[in-house]
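Let me begin by presenting the structure, written as structure tokens, before commenting on it.
2 protein chains.
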Amino acid sequence: MARWEPDADGRLKQAAMALFHERGYAEVTVAEIADRAGLTKRTFFNYFADKREVLFAGSEAYLASVVKHVAEAEAGLEPIDVAVLALTLSGLELAQYGEWARARRDLIASSTELQERDLIKNAALTSAIAEALSERQVEARTAVLAAQAAMAVFGIAYSDWVEGRSGDLPGLIQQSLADLRRAVAPN
Amino acid sequence: MARWEPDADGRLKQAAMALFHERGYAEVTVAEIADRAGLTKRTFFNYFADKREVLFAGSEAYLASVVKHVAEAEAGLEPIDVAVLALTLSGLELAQYGEWARARRDLIASSTELQERDLIKNAALTSAIAEALSERQVEARTAVLAAQAAMAVFGIAYSDWVEGRSGDLPGLIQQSLADLRRAVAPN
Chain D
348 MARWEPDADG RLKQAAMALF HERGYAEVTV AEIADRAGLT KRTFFNYFAD KREVLFAGSE
408 AYLASVVKHV AEAEAGLEPI DVAVLALTLS GLELAQYGEW ARARRDLIAS STELQERDLI
468 KNAALTSAIA EALSERQVEA RTAVLAAQAA MAVFGIAYSD WVEGRSGDLP GLIQQSLADL
528 RRAVAPN
Chain L
348 MARWEPDADG RLKQAAMALF HERGYAEVTV AEIADRAGLT KRTFFNYFAD KREVLFAGSE
408 AYLASVVKHV AEAEAGLEPI DVAVLALTLS GLELAQYGEW ARARRDLIAS STELQERDLI
468 KNAALTSAIA EALSERQVEA RTAVLAAQAA MAVFGIAYSD WVEGRSGDLP GLIQQSLADL
528 RRAVAPN
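The listed protein sequences derive, respectively, from chains D and L.
Reading the first sequence from the start, the letters are residues 348 to 534 in this note's numbering.
Reading the second sequence from the start, the letters are residues 348 to 534 in this note's numbering.
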């Protein structure tokens, strides 16, 4: 049985971020992360499937939170508004980790491997939103298009927010939604 | 120097598709593909970086074609229309390979590894469209949103087309664009 270590999860994340920052993501091994955190490799693998997952821990909880907010949105809202609202509410839970978000964004940008993992997580989230919309009786094609549009809207707003553009996350999301509507409006 | 083999490229693709179909993508090795095509592994690697690339050969030419069509679209069109038009014109070049498209789609759906490669290729195409729109003096955020929206529109239409939904590809793309506009319209 694995020995319980107080906040092993948080210690591993902090150790990993410090090492990635010092030496670059690609150069750091799982053994080194565990060592820096004062833990074993085995403990690392109790928490994370691989080195990449340190940066994507919480993505399942995040997906579940978005899906829950889609399910709980009031009746009568348009699908795009449901999806954007769900991403806004779950995003606010993320927004308390501003420093982590910035460091994480820079790391992902530094590594093709991490960009790929990020794409995969986003695709899974998009599908989950589309499915959650379908369960609200939204027609399948509309559900997919609304989910993809909402992810595009959120992606731009989140990146504005991480980069410190003025405004809070919900405000930036609303601006980005208005931008999308203008961008796709017929001439 | 590599020995020239007539249509080695096409023979390798055909051999790969036949083997993938017979035994499943994951079970087939590069050596077996080369062998079935009557060629060597070395010849395989002259044409494809890895086994996955057999299914994504031509994606660079496709990206270049889309970018060219964005650059050449007439002045005065809205960014979303430029992006959708470019994908339509390049898509028509694809549309002659209907059988290959169907077999390829089924294979991609059968393998996480292939789905991931597909996501990565699509992300590269989305970025290239956004960049090509920026070169037409489209503002950066609008360029990204129009590129993502156009990719969503094309994705749905292409999948309808592969599945044999009635209508030609350009008609399905126009329907899908109308669906997107409805999906994001304010209440």
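All C-beta atoms in this analysis are idealised placements derived from N, C-alpha and C, irrespective of residue type, glycine included.
In this text, all values refer to a predicted model and were calculated from it rather than measured experimentally.
Rounded to the nearest whole angstrom, the CA to CA distance from D/A494 to L/A418 is 29 Å.
With a 10 Å radius around the Cβ and a threshold of 16 neighbouring Cβ atoms, L/S437 comes out buried. Positions of the alpha helix (DSSP H) runs, each at least 4 residues long and wholly inside the segment 391 to 438 of chain D, are given as 406 to 419 in order along the chain. D/A422 has its alpha-carbon roughly 11 Å from the corresponding atom of D/Q484.
Burial of L/T489 is indicated by the presence of at least 16 other C-beta atoms within 10 angstroms of its C-beta. Interface flag for L/T489 against chain D is set, since a Cβ pair is found closer than 9 Å. Of the residues assessed, L/D453 falls on the exposed side of the cut-off, its CB having fewer than 16 other CB atoms within 10 angstroms.
Counting the other CB atoms within 10 Å of its CB gives D/P533 a total below 16, which places it among the exposed residues. With 16 or more other CB atoms across the displayed protein chains lying within 10 angstroms of its CB, D/Y372 is buried. The beta carbons of D/A448 and D/A456 sit no closer together than 9 Å. In this structure L/Y505 is buried. Its beta-carbon is surrounded by 16 or more other beta-carbon atoms within 10 angstroms. Under the Cβ criterion of 9 Å, L/I467 is counted among the residues facing chain D. Rounded to whole angstroms, D/L516 and D/G502 show a C-alpha spacing of 11 Å. At a Cβ-Cβ threshold of 9 Å, L/F367 and L/V375 count as neighbours. Within the model, the alpha-carbon separation for L/G405 versus L/A470 is close to 16 Å. Sequence-distant Cβ neighbours of D/R464 in its own chain, meaning closer than 7 Å and more than five residues away, are R399, F403. DSSP, read as helix, strand or coil, puts L/L386 in coil. DSSP places L/Q361 in the uninterrupted alpha helix (DSSP H) bounded by 355 to 370. Look at D/T473 here: in three-state DSSP terms it is helix.
In this structure, the beta-carbon distance from L/D507 to L/L524 does not fall below 9 Å. For D/G514, the secondary structure class from DSSP, reduced to helix, strand or coil, is coil. Residues of chain L whose Cβ lies closer than 8 Å to the Cβ of D/A493 are, in chain order, A530, V531.
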